[in-house]
Amino acid sequence: MTVGIAPDKASLRSWLPGFLFLAVIWGSSFLFIKIGVRELHPLHVTLARVGIGALTLLVVLAVLRDRLPRDPRLWLHLAVTAAIGTAVPFTLFGYGEQRVSSMLAGIWNATTPLVVLPLAVLVFRTERMTMRRAVGMTLGFVGVLVVLGVWQGVGGAQFTGQMMCLGAAACYGLAIPYQKRFVTDRTESGLALSAGQLLMATAQLAVVTPLVAGAPPAPTSLSLDVVAAILALGALGTGLAFVINMRNIRLAGASTASTVTYLMPVVSVLIGVFLLDEHLAWYQPVGALVVLVGVAYSQGLFRRTTKLDRSPAGTLQPAGVGSEP
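Using my numbering, read the sequence shown as starting at 11 and increasing by one per residue.
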């Protein structure tokens, strides 16, 4: 998604409700994943959510009289971002939440910008490294070590689950600068690009899932909670959420819209505590706070804002990638 100039006097009430709603949708996605993997293989959860999400965006495209991309080369790039920015990370979060709490998965999602920046600087060369960004990244990685509780030793199923969630965040970190380099400057709308990416992810998972996870169980054999969670995960967390995010960017600017990243772990923790009766060790939220401070510092959020509201390196938000779990 291309980034423009923020509206000079955007009314707070014009975008704040959508901003908060988006934080709730994406923050609650970890709850839906946790419920889904109780009865479904993580690959089945991912295939269902991207399929439902793709269908949702196709409906929106039809309503807006927009159309899917036509360039075959662009579809090849969308196939790459579909794999590393959708299919693989969604599945890794599913595997991870079989071993760790939804709250912890939400915290790990917030580490995505720590991976985006070095790749954007060193590999894709879409950003420049500065002292501020280097300090912010270092602080963020210290926060990662605190979340892991490395002084206690690492290992076991929970460590494996945390590494899977970190791997999912790393996938986003790779997909975001890739899409920034090869996709986002296209003339097609962000909605069309996202729909195309979800369609490619659905096709990829439709091939892989039966080979790895076998045939899915009949929907009638699933509990109502699981069915509702998968529908919400696909239609809301993977489909409608992107439409809301595009509206937030248009009304409030890219930098303001990108700060939803900071609310998502808060929402996931609150939901985990009050709905799933989950518990965190003291150092996990402390580490998460250190990570968020490091990310905020690397993005220059502690400096005085300027009229140009550009998306900072850590929160590049091309179509369909980067914030959603």
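C-beta: ideal position from N, C-alpha, C; glycine also.
Using only the alpha-carbon positions, how far apart do residue i and residue j sit?
| i | j | result |
| --- | --- | --- |
| LEU41 | LEU241 | 13 Å |
| ALA213 | ALA115 | 26 Å |
| LEU53 | GLN189 | 24 Å |
| VAL277 | ALA97 | 24 Å |
| ALA225 | VAL152 | 42 Å |
| VAL270 | ARG80 | 32 Å |
| LEU68 | ASP195 | 22 Å |
| PHE340 | VAL303 | No answer is possible for residue 340: the residues shown for the chain start at 11 and end at 335. |
| VAL13 | MET256 | The predicted position of VAL13 is uncertain, since its pLDDT is 38 and thus under 50; a value taken from the coordinates is nonetheless stated next. Distance between the alpha carbons of VAL13 and MET256: 11 Å. |
| ASP76 | SER199 | 8 Å |
| ALA323 | GLU49 | Bear in mind that the predicted position of ALA323 carries a pLDDT of just 39, short of 50, making it too unreliable to give a figure here. |
| MET173 | VAL73 | 41 Å |
| GLN168 | VAL296 | 18 Å |
| LEU215 | ALA64 | 13 Å |
| TYR272 | ILE43 | 20 Å |
| THR219 | SER21 | 45 Å |
| ASN258 | VAL164 | 40 Å |
| ILE35 | LEU158 | 26 Å |
| GLY263 | ALA211 | 28 Å |
For residue i, tell me which candidate among the options has the shortest Cα-Cα distance.
| i | options | result |
| --- | --- | --- |
| TRP85 | TYR307, ALA223, LEU203, VAL69 | LEU203 |
| ALA238 | ILE62, ALA97, MET113 | ILE62 |
| LEU286 | ASP235, TYR307, GLY297, VAL296 | ASP235 |
| ALA178 | GLN108, ALA228, GLY104 | GLY104 |
| TRP25 | ARG260, VAL160, VAL303 | ARG260 |
| TRP161 | ALA58, PRO79, ARG257, GLN294 | GLN294 |
| CYS175 | GLY153, GLY224, ALA120 | ALA120 |
| GLY95 | LEU208, LEU50, GLY200 | LEU208 |
| LEU243 | GLY46, GLN108, SER21, LEU30 | GLY46 |
| VAL217 | VAL34, ALA93, LEU88 | ALA93 |
| ARG135 | GLU107, ILE186, THR148, GLN168 | ILE186 |
| ALA305 | LEU158, LEU201, LEU124 | Looking at the sequence itself, residue 305 is Val, so the reference to Ala does not match. Ranking the options by Cα distance to VAL305, first place goes to LEU124. |
| GLY310 | ARG191, THR219, ARG143, VAL164 | ARG143 |
| THR148 | GLU137, ALA262, LEU127 | LEU127 |
| GLY249 | LEU158, GLN108, PRO335, GLU137 | PRO335 |
| LEU78 | LEU201, ARG191, GLU137 | LEU201 |
| ARG191 | ALA211, GLU137, VAL164 | GLU137 |
When we look at the beta-carbon of residue i and count the other beta-carbons within 10 Å, is it buried (16 or more) or exposed?
| i | result |
| --- | --- |
| TRP292 | exposed |
| HIS289 | exposed |
| ARG59 | buried |
| PRO227 | exposed |
| SER39 | buried |
| SER233 | exposed |
| PHE312 | exposed |
| VAL154 | buried |
| ARG23 | exposed |
| THR66 | buried |
| PRO27 | exposed |
| VAL197 | Looking at the sequence shown, residue 197 is not Val but Thr. It counts as exposed. |
| LEU30 | exposed |
| MET141 | exposed |
| THR230 | exposed |
Just to confirm, are residue i and residue j a CB contact at a threshold of 7 Å?
| i | j | result |
| --- | --- | --- |
| VAL300 | VAL90 | no |
| MET113 | VAL279 | yes |
| LEU129 | LEU184 | yes |
| ALA251 | LEU71 | no |
| GLY150 | VAL110 | no |
| MET139 | VAL131 | yes |
| PRO82 | CYS181 | no |
| GLY37 | MET274 | yes |
| THR56 | THR122 | no |
| GLY166 | TYR307 | no |
| LEU32 | ILE281 | no |
| ILE117 | ALA267 | no |
| VAL193 | HIS51 | no |
Would you verify that the beta carbon of residue i is, or is not, closer than 7 Å to some beta carbon of chain D?
| i | result |
| --- | --- |
| GLY159 | Of the protein chains in this structure there is only one, and it is not chain D. |
Any chance the CB of residue i is under 6 Å from a heavy atom of the ligand COA?
| i | result |
| --- | --- |
| ASP287 | For the ligand COA, the structure offers nothing, since it holds no ligand at all. |
Inset, instruction - Note down, one range per segment and in chain order, each beta strand (DSSP E) of at least 3 residues found wholly within the segment 97-155. - result: Runs of beta strand (DSSP E) with 3 or more residues, each lying fully within the segment 97-155, are absent.
Legend entry - Length at least 3, wholly inside the segment 26-94: the beta strand (DSSP E) runs in chain order: none
Legend entry - alpha helix (DSSP H) segments (min. 4 residues) lying fully within the segment 254-314: 264-268, 270-285, 293-308
Inset, instruction - Taking only runs that begin and end inside the segment 176-255, name each unbroken alpha helix (DSSP H) of 4 or more residues, in chain order. - result: Taking 4 residues as the shortest admissible run, the segment 176-255 contains the following complete alpha helix (DSSP H) segments, listed from N- to C-terminal end: 200-223, 234-242.
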